[in-house]
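Residues in the sequence shown are numbered consecutively from 1, following UniProt numbering. Don't be surprised by glycine CBs; every beta carbon is placed ideally from N, CA and C.
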Amino acid sequence: MKIVLFGATGNIGKVILDEALARGHAVTAIVRDPTRVATRHAALTVVQGDVSSPTSFAAFLPGADAAIASLNDHAEPANVPKQAAGLLDALSSAGVRRFAWVGGAGSLEVAPGVRVIDDAHFPAEWKPSANAQIEALAVFRASKADIDWTYVSPAAVIAPGERTGSYRMGADQLLVDAEGNSRISTADFAIGVLDRLEKGDAAKKRVTFAY
C-alpha cells in the first residue's frame, strides 16, 4: 500500500513508520521538521507539512491507499479534535480510503459507564490530553466523511519493548491480563495498527490492543 503518515517523529509514530516499511509499504511522512526523521529507506518520502494546515500536504494525498495519524499536542490539546476533523475532510476529499488514528486509552471503559479517565488516581496532568482524545473520538463517530476510519486506543500502559507479534484486540473496554494489568509494547501496538489497515476489518470503529 501507499501510506501517508502524520506524526512519524513521535514515540509511537516512528515505530509505526518502521513497521510499515518492514512490511513493504511505501510511506510518505508528513512532518514539521524533516531533520527529525532518522529512518532512511528507499520506500520512504519525507515531506515538510503541518497537520493543522491541509494546504501544506494536500498535494501528497491523491493516490494514497491509506493514512495513519499519531498525534498529540501537549501544549495545546484543544488542537487534537480539530486536527482529526481536518484530516477526515482532507483525506476523504483526496480519495484516501482507509485512515487509522492513534487515540488515547482514557475513554475506554473499566466498568459500565466508567472510563479510565474517571478513576480518582488518573494523573491530573494527563487529563487535558486524554480529554482532547475523547473529543477526537466523538469527532470520528459523528463524521459523515467518506472514509473507513479506525480509532485505535492503546492499553493503559504503552512503552518501548519486545516485538512479540502477539496482541489481543478489543472494542470499547480496557483489556487487562490475568493479573489485572493493561499493557502493550509500541512494537506490538504498531503491528495491530498495520494489521487493521491491511485487513480493513475495523471500518468506522474504535479498537484497542493489549496483551
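Which residue's Cα is closest to the Cα of residue 216: G10, V46, I158? As displayed, the chain neither begins before 1 nor continues past 211, which places residue 216 out of reach and without an answer.
Hey, how far is the Cα of A210 from the Cα of A38? 28 Å
Are the beta-carbon atoms belonging to I12 and L5 less than 8 Å from one another? no
Taking T35 as the reference, which of V51, A8, P77 has the closest Cα? A8
Count the CB pairs spanning the stretch 181 to 193 and the stretch 158 to 167 that are closer than 8 Å, and state whether there are at least three. yes
Comparing C-alpha positions only, which one of I68, Q48, P54 sits nearest to I3? I68
With burial defined as no fewer than 16 other Cβ atoms inside 10 Å of the residue's Cβ, what is the status of D18: buried or exposed? buried
For N72, is the classification buried or exposed, using 16 other Cβ atoms within 10 angstroms of its Cβ as the cut-off for buried? buried
On a Cα-Cα basis, can you pick out the residue from A94, S153, A26 that is closest to A136? S153
Could you round the C-beta distance between A66 and R97 to whole angstroms and report it? I think they count as a contact, below 8 Å. 7 Å
Report, in whole angstroms, the separation of the C-beta atoms of G103 and Q133, which I expect to be a contact under 8 Å. 5 Å
For I158, which of helix, strand or coil comes out of DSSP? strand
Taking the alpha helix (DSSP H) that I191 falls in, what are its first and last residues? 186 to 199
Simplified DSSP assignment, three categories, for S52: coil
Evaluate G95 with the Cβ neighbour count: other Cβ atoms within 10 Å of its Cβ, from every protein chain shown; 16 or more gives buried, anything less gives exposed. exposed
Taking the alpha-carbon positions, what's the V47 to H41 distance? 14 Å
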